[in-house]
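S.K.: What the sequence shown shows, in this note's numbering, is residues 90 to 363, in sequence order.
Attaching a single structure in structure tokens format; questions to follow.
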Amino acid sequence: MDWKSGNDTILAFDELIKQKRVAPYEGRLKVGVDLGTANIVVAVVDENNKPVAGATQGAHVVRDGIVVDYIGAVDIVKDLKRQLEDRIGVDLSNAPAATAIPPGIIEGNTKIIANVVESCDFNVTNVLDEPTAAATVLGIENGAVVDVGGGTTGISILDHGKVVFTADEPTGGTHMSLVIAGAYHISFDEAEEMKIHDDESKIFPLIKPTVEKMAEIVRRYIDGYNVDTIYVVGGACEFKKFESVFEREIGIKTVKPVEPLLVTPLGIAFNCKA
Ligand SMILES: Nc1ncnc2c1ncn2[C@@H]1O[C@H](COP(=O)(O)OP(=O)(O)OP(=O)(O)O)[C@@H](O)[C@H]1O
Ligand SMILES: [Mg+2]
Numbered sequence: 090m091d092w093k094s095g096n097d098t099i100l101a102f103d104e105l106i107k108q109k110r111v112a113p114y115e116g117r118l119k120v121g122v123d124l125g126t127a128n129i130v131v132a133v134v135d136e137n138n139k140p141v142a143g144a145t146q147g148a149h150v151v152r153d154g155i156v157v158d159y160i161g162a163v164d165i166v167k168d169l170k171r172q173l174e175d176r177i178g179v180d181l182s183n184a185p186a187a188t189a190i191p192p193g194i195i196e197g198n199t200k201i202i203a204n205v206v207e208s209c210d211f212n213v214t215n216v217l218d219e220p221t222a223a224a225t226v227l228g229i230e231n232g233a234v235v236d237v238g239g240g241t242t243g244i245s246i247l248d249h250g251k252v253v254f255t256a257d258e259p260t261g262g263t264h265m266s267l268v269i270a271g272a273y274h275i276s277f278d279e280a281e282e283m284k285i286h287d288d289e290s291k292i293f294p295l296i297k298p299t300v301e302k303m304a305e306i307v308r309r310y311i312d313g314y315n316v317d318t319i320y321v322v323g324g325a326c327e328f329k330k331f332e333s334v335f336e337r338e339i340g341i342k343t344v345k346p347v348e349p350l351l352v353t354p355l356g357i358a359f360n361c362k363a
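Printed below as a string of structure tokens:
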């Protein structure tokens with residue numbers, strides 16, 4: 090199967106979030122909760138992994154997989170859950186849910202992430218690695234999936250459908266914003282705005298060294314594995330030139346799905362164990 094066939098599903102999910110709509114569904118609903126460094130996303134899919142509804146909010150309650158504000162995290166997830174319940178017209182309490190962690194975080198932190206989701210009356214059936222979740226949506230059997238989020242660059246290497254390696258390093262979109270803030274002597278929040286809304290031709294030269302560093306991380310990890318394609322996801326790879334820097338630095342074909350920010354959250358919902 091071509092990885093691009095996942096694009097239609099991702100686009101459908103994006104529309105549902107933006108238009109606050111519910112798609113017709115079949116069977117039991119499954120919930121994915123992505124507690125990201127920059128964004129919290131709750132995805133609802135049906136038993137055929139068709140997107141049903143989704144809601145998202147910017148948040149700073151989790152940092153690189155570590156919950157820094159437990160009450161704040163629970164409040165936001167509960168609020169997103171309530172919005173989705175109102176919209177769909179069902180009680181999602183005890184619905185099968187999944188959540189994800191950056192690869193390699195210690196077990197205690199994994200437990201806390203799961204506890205946040207359980208505290209919102211979801212039934213956590215699976216906690217998986219973020220890039221592994223993304224790989225499910227892309228339907229790929231081989232290659233490296235790199236999730237460049239707000240806080241970290243996570244990588245999963247797949248070989249014949251099996252995850253053979255995972256790792257995570259602290260370089261993400263936040264670091265790009267810090268560079269912009271430093272260059273223009275502006276606050277972090279102003280730099281975030283500028284990074285997302287200003288012309289790429291103005292921003293990209295500034296953050297290119299950060300992208301090169303991400304590529305160097307990935308190059309180091311995939312060395313020795315048989316990888317012919319790198320799939321990049323996560324909000325920080327939204328730049329048009331992102332893949333070309335990876336290709337040049339690593340020497341491996343690099344591709345990006347539509348709406349890379351939503352791939353991991355959707356994949357988390359796909360990975361609920363019914
Ligand atoms: N259009 C855009 N252009 C550039 N960067 C963007 C854009 N949209 C979002 N970002 C950046 O993407 C990052 C958020 O991505 P994402 O939602 O994948 O991260 P996260 O899951 O919250 O974080 P993590 O996975 O590291 O915990 C932020 O740094 C944000 O500034
Ligand atoms: Mg993420």
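Ideal Cβ placement from N, Cα and C applies to all residues, glycine included.
Treat the numbers as computed from the prediction; the structure is a model and nothing was measured.
Take every Cβ of the stretch 194 to 204, pair it with every Cβ of the stretch 241 to 249, and state whether three or more of those distances are shorter than 8 angstroms.
M.R.: No: the two stretches stay apart, fewer than three of their Cβ pairs being nearer than 8 angstroms.
S.K.: Since I believe Asn183 is in contact with Asn138 (beta carbons under 8 angstroms), could you give me their beta-carbon distance rounded to a whole number of angstroms?
M.R.: Numbered from its first residue, the sequence shown carries residue 138 at position 49. Numbered from its first residue, the sequence shown carries residue 183 at position 94. Their Cβ separation, rounded to whole angstroms, is 20 angstroms, which puts Asn138 and Asn183 out of contact at 8 angstroms.
S.K.: Closer than 8 angstroms: is that where the CB of Thr126 sits relative to any heavy atom of ligand 2?
M.R.: For the purposes of this step, residue 126 is taken as the residue at position 37 of the sequence shown. Thr126 Cβ: within cutoff of ligand 2.
S.K.: Which residues mark the beginning and the end of the beta strand (DSSP E) in which Gly116 is found?
M.R.: Taking the sequence shown and counting its residues from 1, one reaches residue 116 at position 27. Where Gly116 is concerned, there is no enclosing beta strand (DSSP E), given that its DSSP letter is neither H nor E.
S.K.: Let me know the secondary structure DSSP gives Asp218 once reduced to three states.
M.R.: Along the sequence shown, read from residue 1 onward, the residue named residue 218 stands at position 129. In this structure, Asp218 counts as strand in the three-state DSSP scheme.
S.K.: Does the distance from the CB of Val150 to the CB of Gly161 come in under 9 angstroms?
M.R.: By 1-based counting over the sequence shown, the position of residue 150 is 61. By 1-based counting over the sequence shown, the position of residue 161 is 72. Yes.
S.K.: Would you kindly check if the distance between the Cβ of Gly143 and the Cβ of Val157 is under 9 angstroms?
M.R.: Within the sequence shown, residue 157 is the residue found at index 68, counting from 1. Within the sequence shown, residue 143 is the residue found at index 54, counting from 1. Taking 9 angstroms as the Cβ cut-off, Val157 and Gly143 do not qualify as a contacting pair.
S.K.: For Glu258, does the count of other Cβ atoms within 10 angstroms reach 16, so buried, or fall short, so exposed?
M.R.: For the purposes of this step, residue 258 is taken as the residue at position 169 of the sequence shown. The residue in question, Glu258, is buried, as its Cβ has 16 or more Cβ neighbours within 10 Å.
S.K.: Going by alpha carbons, who is nearest to Asp175 out of Lys109, Ile195, Ala358, Asp218?
M.R.: Stepping through the sequence shown from its first residue, residue 175 is reached at position 86. Out of Lys109, Ile195, Ala358, Asp218, Lys109 has the C-alpha closest to the C-alpha of Asp175.
S.K.: Using 8 angstroms as the cut-off, classify the Cβ of Asp123 as near or not near the heavy atoms of ligand 1, replying yes or no.
M.R.: Indexing the sequence shown from 1 puts residue 123 at position 34. Yes, the Cβ of Asp123 comes within 8 angstroms of a heavy atom of ligand 1.
S.K.: Excluding the 5 residues preceding and the 5 following Lys342 in the sequence, name in chain order all residues of the same chain whose CB lies nearer than 8 angstroms to its CB.
M.R.: Indexing the sequence shown from 1 puts residue 342 at position 253. Cβ neighbours of Lys342 beyond the five flanking positions: Asp317, Thr318, Ile319, Glu336.
S.K.: How about Ala189 and Ala148: do their beta carbons lie closer than 9 angstroms?
M.R.: Start at 1 with the first residue of the sequence shown, and residue 189 comes out as number 100. Start at 1 with the first residue of the sequence shown, and residue 148 comes out as number 59. Not in contact: Ala189 and Ala148 (Cβ atoms no closer than 9 angstroms).
S.K.: Residues in the same chain with beta-carbon distance under 6 angstroms from Ala280, minus the five sequence neighbours each way, listed in chain order, please.
M.R.: Taking the sequence shown and counting its residues from 1, the one referred to as residue 280 is at position 191. Taken in chain order, the residues that qualify are Ser266, Ile269, Ala270.
S.K.: If you draw a straight line from the alpha carbon of Pro191 to that of Leu217, how long is it in whole angstroms?
M.R.: As a position in the sequence shown, residue 191 is number 102, starting the count at 1. As a position in the sequence shown, residue 217 is number 128, starting the count at 1. Taking the straight line joining both Cα atoms gives about 9 angstroms.
S.K.: Within the same chain, show all residues whose beta-carbon is closer than 6 angstroms to that of Ile155, passing over the 5 residues directly before and after it, in chain order.
M.R.: The residue labelled residue 155 in the question sits at position 66 within the sequence shown. So the list reads Asn198, once near-sequence residues are dropped.
S.K.: Among Glu301, Thr263, Lys302, Val300, which one has its Cα closest to the Cα of Met283?
M.R.: Here the question's residue 283 lines up with position 194 in the sequence shown. Considering only alpha carbons, the answer is Thr263.
S.K.: Can you check the stretch 168 to 227 for any alpha helix (DSSP H) of at least 4 residues that lies completely inside it and give the ranges in chain order?
M.R.: List check, alpha helix (DSSP H) in window: 196 to 208, 219 to 227.
S.K.: Between the C-alpha atoms of Gly261 and Pro185, what's the straight-line distance to the nearest angstrom?
M.R.: Position 172 of the sequence shown, counted from the start, is the residue given in the question as residue 261. Position 96 of the sequence shown, counted from the start, is the residue given in the question as residue 185. Looking at the two C-alpha atoms, the distance is approximately 30 angstroms.
S.K.: So which of Val252, Ile357, Ala127, Cys209 has the shortest CA-CA distance to Ile311?
M.R.: Numbered from its first residue, the sequence shown carries residue 311 at position 222. Among Val252, Ile357, Ala127, Cys209, the Cα nearest to that of Ile311 belongs to Val252.
S.K.: Counting along the chain, where does the alpha helix (DSSP H) carrying Val300 start and finish?
M.R.: If you number the sequence shown from 1, residue 300 lands on position 211. Per DSSP, Val300 belongs to the alpha helix (DSSP H) from 289 to 311.
S.K.: Assign Asn278 to one of three DSSP states: helix, strand, or coil.
M.R.: Taking the sequence shown and counting its residues from 1, the one referred to as residue 278 is at position 189. The sequence shown places Asp at residue 278, rather than the Asn named in the question. Note: Asp278 maps to helix in three-state DSSP.
S.K.: Report buried or exposed for Ile285, applying the criterion of at least 16 other Cβ atoms within 10 angstroms of its Cβ.
M.R.: For this step, residue 285 is matched to residue 196 along the sequence shown. Exposed, because fewer than 16 other Cβ atoms sit within 10 Å of the Cβ of Ile285.
S.K.: Nearest to Val131 by alpha carbon, out of Leu173, Asp97, Lys330?
M.R.: Along the sequence shown, read from residue 1 onward, the residue named residue 131 stands at position 42. Ranking Leu173, Asp97, Lys330 by Cα distance to Val131 puts Leu173 first.
S.K.: Compare the beta carbon distance of Val352 and Leu169 with 9 angstroms and say whether it is the shorter of the two.
M.R.: Taking the first residue of the sequence shown as 1, we reach residue 352 at position 263. Taking the first residue of the sequence shown as 1, we reach residue 169 at position 80. Not closer than 9 angstroms, so no.
S.K.: Between the C-alpha atoms of Ala127 and Gly238, what's the straight-line distance to the nearest angstrom?
M.R.: Translated into positions along the sequence shown, residue 127 becomes position 38. Translated into positions along the sequence shown, residue 238 becomes position 149. Straight-line Cα distance between these residues: approximately 8 angstroms.
S.K.: Is Glu258 helix, strand or coil by DSSP?
M.R.: As a working mapping, residue 258 is identified with position 169 in the sequence shown. The answer is strand: DSSP assigns Glu258 an E or B state.
S.K.: Nearest to Leu124 by alpha carbon, out of Ile275, Phe331, Cys209?
M.R.: Sequence index remark: in the sequence shown, residue 124 carries index 35 (1-based). Closest option to Leu124, Cα to Cα, is Cys209.
S.K.: In whole angstroms, what separates the C-alpha of Glu338 from that of Pro349?
M.R.: On the sequence shown, position 249 is the one that residue 338 refers to. On the sequence shown, position 260 is the one that residue 349 refers to. So the alpha carbons of these two residues sit roughly 21 angstroms apart.
S.K.: Report the three-state DSSP secondary structure of Val321 (helix, strand or coil).
M.R.: Here the question's residue 321 lines up with position 232 in the sequence shown. Strand at Val321.
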